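> So in the UniProt record's numbering, spot 68 of the sequence shown is number 68, and the numbers just go up one at a time. Idealized CB from N, CA, C, for every residue including glycine. Note that the structure is a prediction, hence the values are computed from the model and not measured.
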Amino acid sequence: MISFGTLNTRPGTDIVDVKLGENISFGVGFTPDRILTDVTLKAFLVTNLGSDTDALHPLHKVAMVPVDPSDGHQYAFTAELPLMMHGTYTAFAVVYYGSSAFIAKDVNWRVSVPAVDSLYVRQIPIDKANARQDSDEISTMDDMLDGPESAYTLDKMQQAGVNCLWIQTPYRIDPWDGRPNDTAGSDYASTDWFSIDPELSCEASRIPGWDTDRQHEIANQKMKEFVTAAHTRGMKVIFGIAPNHVGHNYIFRDFFLDEEVVKRGCYEQIAIDASQLAKVDERKKQHAGTEIAMYAEYIFPWMYATKNASGKYDPNGANDVNETYFPNWAGDWDDTKHLNHGAHGGEGRRHPTTAQNWKVLAYIGNAMLWAVVKLGVDGFRIDHSYGMPVEFFTQTIPWVEKKARKLRAGFDGLILFHEEHDPERKQFAANVGDVIQAKEYEKILQGFSHRNIKGIWSVYESPNFAEFSGTGNHDEERGITFLEGDLRKHGNAMITMLFLGGPMTTLAGDEYGESRKLRFKMTGGIPTLWQARTGQLAPENLELDAWVSKAGRLRRERSELGCSERERLTPHGGPAPVVAFEKRAPENGCPLMVFSNIDHGNSQSGRFGLGARARAWIESMVATGPDTRLQVKDLFSSTPDQPLWSHPIPASDLLRDGIQAILAPYQVQVLELVRV
């Protein structure tokens, strides 16, 4: 019997919680089924942590130290390693007992880059952000870079306090003629992972469609310019990708590391042997002079999944274009084709088993590496992570990060958002990613809608909470629909979540109170964005944006508001419909205290107990100056420098009585105590 784990977990969970510069400790317990005499007993930790190779399987052994058992096992061993680099890591234990080896299950964990904790993400569908609503128009990166003041631009994102752009899958899309009802094609039906969609660049869109290489060159250059401009404004850039599948008629390119170039139609790296490459040459000759010669499913069908005679996934892959299929276990995605990476979400397959599976995973990693190194992308939102093999997260992504560190100056690590809705898989996603994109945010919004303080805190205080807060997602209902379409309720919820801190995501238009679900596979713009651009948006929607943007800027200026560290404040006299909390204290200062009135349409007042940090700060002053008096300012008011109290209050009174909050309907205060 063998057991293995780490003590570096969140209390009550199996989510590993560690930071750069800390140590991670492992323990293995072992009890043999039968006692052998005169045998050697050794234990090793096998891990990619500390490996000095950038191979795809960079595992090495670390000897574990014997210790006294503490959990009923006959033998026990420990090992402790320093965390010196950001990334995704795996470890398992092997115990050698006589001639037998006993292997314990893996532990996975991620050391996130510091920016993750305070991400304020705006999901941007570039093709819709500046397009006329209900039209066949597509907007471009040029609009966001050089558009007029009324346009939806990078400058506007910066002014709103946004520090991360989630770019909805920006790769080339060629709508499939087998699905004529699509006017735009699925964002996830990418037809070239090494080419930004030429429709997103004014110059590239004017190049004839037959010149895909020139379109590739110009559109990629514009995206590089876009990413650089975002970085200049203090914003990270994340690409949404769907590594599980590609679109029909996929133009095959690959990134060659040694030369640092992308080549079209070169299958040398994805082929498993010379005989496969010979078949590629035959197919190229067969289709020479036709468009088909560009498309991977005709020339290299082995990279696509297929089904066996019983209709189940066959990891050997397709041998012909007619054997490929679309992934149909989670919705209608018949404009895509399932890649042969070894996993199948619908069948519960989780691991690559063939050489071709591993080659496909390496190809996916190459595409990600290219975007990081050549375009400057900071990370990825992984669509349908449930359908990807475990090794994509534990081996492919760490390989991308190691290579990127060598090829891109100043690169620390990826930012990873994993879409994961399966309850059993969420723990894994939390341990191999930075933030989960799922639906816990809906519970938060419902809490605001129903004035349910307990419901809101039940999400934020759950040790299992590893998701975004926010107001919606690109293919889900808008956040305002949970708040009965009420702009004031929506603004109150959005601003409060910003100040609660931690990773938060919003969809373009949420800041204006947009209610229409994003038309995922259609052209045309987002109504409120177009109305704002053309001066048609109602004053109350513009006012909402002004206050949400003000909150975003304050969150950026006062970093403690963005971080996830918070302490709930308890009202005196029983529950009150006020979300009250204090944030992490600045050095030698008092923590900010936030009070949000969620009692829709009604004023609220009440007294709240101080948090531990505020109490410690005040006590330290009273200890040296018993007569110390304090005043308070509301940093989120229209007059942030004006004191709220008619006169300073003795600090000792605050320690005894707590702090009074007086709130107008829907009001959110950010209070800062100052010594006078």
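(1) Once DSSP output is grouped into helix, strand and coil, what is the label at residue 294?
(2) Does the region 337-354 come close enough to the region 28-39 that 3 or more CB-CB pairs lie under 8 Å?
(3) May I ask you to list the residues that DSSP assigns as paired with residue 629?
(4) Quick one: complete alpha helix (DSSP H) runs, 4+ long, within the region 115-145?
(5) Along the alpha helix (DSSP H) that carries residue 552, what are the first and last residues, could you check?
(6) What's the C-alpha gap between residue 73 and residue 94?
(7) Enumerate in chain order the residues of its own chain whose CB-to-CB distance from residue 406 is below 8 Å, with the five nearest sequence positions on each side excluded.
(8) Provide the residue span of the beta strand (DSSP E) that contains residue 223, from first to last.
(9) Among the residues of its own chain, which have a CB less than 8 Å from the CB of residue 151, if the five just before and after it don't count?
(10) If you count every other CB in all the chains shown that lies within 10 Å of the CB of residue 516, and 16 or more means buried, which is it?
(11) Quick one: using the 10 Å Cβ neighbour count with 16 as the cut-off for buried, is residue 587 buried or exposed?
(12) If distances are taken between C-alpha atoms only, which option among 193, 232, 240 comes closest to residue 220?
(13) State yes or no: is the C-beta of residue 214 nearer than 6 Å to some heavy atom of the ligand GDP?
(14) Ends of the beta strand (DSSP E) at residue 25?
(15) Rounded to whole angstroms, what is the Cα-Cα separation between residue 469 and residue 565?
(16) Using a threshold of 7 Å, state whether the C-beta atoms of residue 25 and residue 562 are closer than that.
(17) Considering Cα atoms alone, identify which of 310, 287, 322 is closest to residue 301.
(18) Out of 608, 103, 111, which has the shortest C-alpha to C-alpha gap to residue 16?
(19) So, does the CB of residue 528 fall closer than 7 Å to a CB anywhere in chain C?
(20) Would you tell me roughly how many angstroms separate the C-alpha atoms of residue 444 and residue 631, rounded to the nearest one?
(21) What does residue 384 pair with, by DSSP beta-bridge criteria?
(22) Could you have a look at residue 358 and say whether DSSP puts it in helix, strand or coil?
(23) Please report the straight-line C-alpha distance between residue 550 and residue 495, rounded to a whole angstrom.
(24) Taking Cβ to Cβ, would you say residue 668 is nearer than 7 Å to residue 635?
(25) From which residue to which residue does the alpha helix (DSSP H) around residue 353 run?
(26) If you check the beta carbons only, do residue 413 and residue 86 fall under 7 Å apart?
(27) Can we say the region 606-619 touches the region 569-581, given the rule of at least three CB pairs closer than 8 Å?
(28) Name the two residues that bound the continuous beta strand (DSSP E) containing residue 302.
(29) Got a sec? Which residues, its chain only, sit under 6 Å from residue 365 by beta carbon, not counting five neighbours each side?
(30) Spatial neighbours of residue 199 within its chain, please: C-beta separation below 6 Å, excluding the five flanking residues on both sides.
(31) Which class does residue 164 belong to by DSSP, given the choice of helix, strand or coil?
(32) Of the choices 601, 613, 538, whose alpha-carbon is the least far from that of residue 568?
(33) Whose CA, out of 410, 645, 41, 591, lies closest to the CA of residue 559?
(34) Helix, strand or coil for residue 724? Go by DSSP, reduced to three states.
(35) Near residue 62, what residues of its chain come up, given a Cβ to Cβ distance below 6 Å and the 5 sequence neighbours on each side ignored?
(36) Among the residues of its own chain, which have a CB less than 7 Å from the CB of residue 615, if the five just before and after it don't count?
With the structure as the only source:
(1) Taking the sequence shown and counting its residues from 1, one reaches residue 294 at position 294. It is helical.
(2) Segments in contact, no.
(3) Residue 629 sits at position 629 when you count from the first residue of the sequence shown. Answer is 650.
(4) Listed in chain order, the complete alpha helix (DSSP H) runs (minimum 4 residues) inside the region 115-145 are 126-129.
(5) In the sequence shown, the residue the question calls residue 552 occupies position 552. In the DSSP assignment, residue 552 falls within the alpha helix (DSSP H) that extends over 539-557.
(6) Numbered from its first residue, the sequence shown carries residue 73 at position 73. Numbered from its first residue, the sequence shown carries residue 94 at position 94. Answer to the nearest angstrom: the Cα atoms are 15 Å apart.
(7) For the purposes of this step, residue 406 is identified with residue 406 of the sequence shown, where counting begins at 1. Here the set comprises 54.
(8) Locating residue 223 in the sequence shown gives position 223, counting from the first residue. Premise fails: residue 223 lies in the alpha helix (DSSP H), 212-232, not in any beta strand (DSSP E).
(9) For this step, residue 151 is matched to residue 151 along the sequence shown. Taken in chain order, the residues that qualify are 130, 143, 144, 533.
(10) Counted from its first residue, the sequence shown places residue 516 at position 516. Under this definition residue 516 is an exposed residue.
(11) Against the sequence shown, residue 587 aligns to sequence position 587. Exposed, because fewer than 16 other Cβ atoms sit within 10 Å of the Cβ of residue 587.
(12) As a first step, residue 220 is located in the sequence shown; it is residue number 220 there, counting from the start. Ranking the options by Cα distance to residue 220, first place goes to 193.
(13) Of the ligands one can find in the structure shown there are none, so the ligand GDP has no counterpart to examine.
(14) Here residue 25 refers to the residue found at position 25 of the sequence shown. Unbroken beta strand (DSSP E) run through residue 25: 23-30.
(15) Taking the first residue of the sequence shown as 1, we reach residue 469 at position 469. Taking the first residue of the sequence shown as 1, we reach residue 565 at position 565. If you take the alpha carbons of residue 469 and residue 565, they lie about 14 Å apart.
(16) Your numbering for residue 25 matches position 25 in the sequence shown. Your numbering for residue 562 matches position 562 in the sequence shown. Not in contact: residue 25 and residue 562 (Cβ atoms no closer than 7 Å).
(17) Taking the sequence shown and counting its residues from 1, one reaches residue 301 at position 301. Checked all of 310, 287, 322; the closest Cα to residue 301 is 322.
(18) Within the sequence shown, the letter at position 16 stands for residue 16. Nearest option by C-alpha distance: 111.
(19) Note that chain C does not occur in the displayed structure, where there is just one protein chain.
(20) Within the sequence shown, residue 444 is the residue found at index 444, counting from 1. Within the sequence shown, residue 631 is the residue found at index 631, counting from 1. Computed Cα separation, rounded: 33 Å.
(21) Counting from one through the sequence shown, the residue named residue 384 turns up at place 384. Per DSSP, residue 384 has no beta-bridge partner at all.
(22) Mapped onto the sequence shown, residue 358 falls at position 358. Under the three-state reduction of DSSP output, residue 358 falls in the helix class.
(23) Residue numbering aside, residue 550 sits at position 550 when the sequence shown is read from its first letter. Residue numbering aside, residue 495 sits at position 495 when the sequence shown is read from its first letter. Whole-angstrom Cα-Cα distance: 9 Å.
(24) Here the question's residue 668 lines up with position 668 in the sequence shown. Here the question's residue 635 lines up with position 635 in the sequence shown. In this structure, the beta-carbon distance from residue 668 to residue 635 does not fall below 7 Å.
(25) Start at 1 with the first residue of the sequence shown, and residue 353 comes out as number 353. Run containing residue 353: none; DSSP gives neither H nor E here.
(26) Start at 1 with the first residue of the sequence shown, and residue 413 comes out as number 413. Start at 1 with the first residue of the sequence shown, and residue 86 comes out as number 86. Yes. Within cutoff.
(27) Contact between the region 606-619 and the region 569-581 is present, because at least three Cβ pairs lie under 8 Å.
(28) Taking the sequence shown and counting its residues from 1, the one referred to as residue 302 is at position 302. Looking at the DSSP string, residue 302 is not in any beta strand (DSSP E), and its letter there is neither H nor E.
(29) On the sequence shown, position 365 is the one that residue 365 refers to. Beyond the five residues adjoining it in sequence on each side, residue 365 comes within less than 6 Å, by CB distance, of 396, 399, 400 in the same chain, given in chain order.
(30) Walking along the sequence shown from the start, residue 199 turns up at place 199. If we look at residue 199 and ignore the five residues flanking it on each side, its Cβ neighbours are 138, 205.
(31) Taking the first residue of the sequence shown as position 1, residue 164 is located at position 164. DSSP, reduced to helix, strand and coil, places residue 164 within a strand of the structure shown.
(32) In the sequence shown, counting from the first residue as 1, residue 568 sits at position 568. For the residues 601, 613, 538, the minimum Cα distance to residue 568 belongs to 613.
(33) Here residue 559 is taken as the residue at index 559 of the sequence shown, counted from 1. Selected option, being the one with the closest Cα: 591.
(34) Coverage of the chain is limited to positions 1 through 676, which leaves residue 724 absent and any answer about it impossible.
(35) As a position in the sequence shown, residue 62 is number 62, starting the count at 1. Cβ neighbours of residue 62 beyond the five flanking positions: 45, 79.
(36) Taking the sequence shown and counting its residues from 1, the one referred to as residue 615 is at position 615. Here the set comprises 655.
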